[in-house]
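> Attaching a single structure in structure tokens format; questions to follow.
Printed below as a string of structure tokens:
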């Protein structure tokens, strides 16, 4: 006996609903689990004959040079799987596993011995004309991309923004985009372009991604 029209419609509807549910769960999987924190293992400096850069400074005296310390600290921060959310904190630094892109940089530098909250505030106070800030607030000013761009212009080594000048990019560098910021990874794609450790939203696939060639809004590249 042939299947009734009603039965066929029910089966078809069930299949469509099941497929829609699978697509929904796949698209929003990072909402529930957070981006993947597994380190990228692709290519390194050695694969392209690029010397490893180490800083001559160890600001926090932990036996790890600043360049390496910043990179390692960025990875330690994302290993906590921070959830993307913009909030104001009385203590300045987020303390509840929420954060935004600037918090990757602020925490990486803090664990290397640099308190961006105080450093940015001091620079804003010393050079108010360079910042578009009406009323300085030590608790939030260091968590604004535009302010960090000015601060690094004042205090860090400015490097090329040409991503194809691959030897000029090193893990532990800082890259600033129009409205975003991250830490340069020590892992590279097959063309030698480094990945970026960053936090760009709740639904990004990984905290460490191959994005430099995909963006046309790089405004700064710095080394502490």
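Residue numbers (this note's numbering): -3 to 220.
The beta carbon of each residue, even a glycine, is placed where N, CA and C say it ideally should be.
All of these numbers come straight from a predicted model, not from anything done at the bench.
1. Just how far apart, CA to CA, sit residue 117 and residue 83?
2. Quick one: Cα of residue 211 to Cα of residue 5, how far?
3. Take residue 88 and list the residues in its own chain whose beta-carbon comes closer than 6 Å to its own, dropping the five residues that flank it on each side.
4. Below 8 Å on the Cβ atoms is my guess for residue 75 versus residue 33; work out the distance and round it to an integer in Å.
5. What three-state label does DSSP hand residue 79 in the structure shown?
6. Around the Cβ of residue 151, are there at least 16 other Cβ atoms within 10 angstroms (buried) or fewer (exposed)?
7. For residue 70 and residue 193, which I take to be in contact (beta-carbon distance under 8 Å), what is that distance rounded to the nearest angstrom?
8. Compute the beta-carbon to beta-carbon distance between residue 141 and residue 176, rounded to the nearest angstrom, for a pair I have assumed lies under 8 Å.
9. Could you check what DSSP says for residue 199 in three-state terms: helix, strand or coil?
10. Do you know how far the Cα of residue 163 is from the Cα of residue 47?
11. Mapping the DSSP letters down to three states, classify residue 141 as helix, strand or coil.
12. Go ahead and pull the three-state DSSP assignment for residue 183.
13. Alpha carbon to alpha carbon, what distance is there between residue 58 and residue 214?
14. Going by beta carbon distance, what residues of the same chain come within less than 6 Å of residue 8, once the five residues before and after it are set aside?
15. Could you tell me the alpha carbon to alpha carbon distance between residue 21 and residue 14, rounded to whole angstroms?
16. Looking at the secondary structure, which residues open and close the alpha helix (DSSP H) in which residue 116 lies?
In this structure, then:
1. By one-based count along the chain shown, residue 117 stands at place 121. By one-based count along the chain shown, residue 83 stands at place 87. If you take the alpha carbons of residue 117 and residue 83, they lie about 19 Å apart.
2. Here residue 211 refers to the residue found at position 215 when the chain shown is read from its first residue. Here residue 5 refers to the residue found at position 9 when the chain shown is read from its first residue. Taking the straight line joining both Cα atoms gives about 46 Å.
3. Taking the first residue of the chain shown as position 1, residue 88 is located at position 92. So the list reads 113, 135, once near-sequence residues are dropped.
4. Here residue 75 refers to the residue found at position 79 of the chain shown. Here residue 33 refers to the residue found at position 37 of the chain shown. Contact holds; Cβ gap of about 5 Å.
5. The sequence position of residue 79 within the chain shown is 83, counting from 1. Here residue 79 carries a strand assignment [DSSP, helix/strand/coil].
6. Position 155 of the chain shown, counted from the first residue, corresponds to residue 151. Its Cβ having fewer than 16 others within 10 Å, residue 151 is exposed.
7. In the chain shown, residue 70 corresponds to position 74, counting from 1. In the chain shown, residue 193 corresponds to position 197, counting from 1. Contact flag correct, Cβ pair sits at about 5 Å.
8. As a working note, residue 141 is residue 145 in the chain shown. As a working note, residue 176 is residue 180 in the chain shown. Contact between residue 141 and residue 176 holds, since their C-beta atoms are separated by about 6 Å, short of 8 Å.
9. Locating residue 199 in the chain shown gives position 203, counting from the first residue. In this structure, residue 199 counts as coil in the three-state DSSP scheme.
10. Within the chain shown, residue 47 is the residue found at index 51, counting from 1. Within the chain shown, residue 163 is the residue found at index 167, counting from 1. Between residue 47 and residue 163, the alpha-carbon positions lie close to 8 Å from each other.
11. Residue numbering aside, residue 141 sits at position 145 when the chain shown is read from its first letter. Three-state result, residue 141: helix.
12. Walking along the chain shown from the start, residue 183 turns up at place 187. Here residue 183 carries a strand assignment [DSSP, helix/strand/coil].
13. By 1-based counting over the chain shown, the position of residue 214 is 218. By 1-based counting over the chain shown, the position of residue 58 is 62. Straight-line Cα distance between these residues: approximately 32 Å.
14. Counted from its first residue, the chain shown places residue 8 at position 12. Residues of the same chain with their beta carbon placed closer than 6 Å to that of residue 8 are lacking, with the five preceding and five following residues left out of the count.
15. Here residue 21 is taken as the residue at index 25 of the chain shown, counted from 1. Here residue 14 is taken as the residue at index 18 of the chain shown, counted from 1. With a pLDDT of only 48 at residue 21, under the threshold of 50, the placement of this residue in the model should not be trusted; the figure read from the coordinates follows. Between the alpha carbons of residue 21 and residue 14 lies a distance of about 11 Å.
16. Within the chain shown, numbered from 1, the residue matching residue 116 stands at position 120. It spans 112 to 122 - the alpha helix (DSSP H) in which residue 116 sits, taken as one unbroken run.
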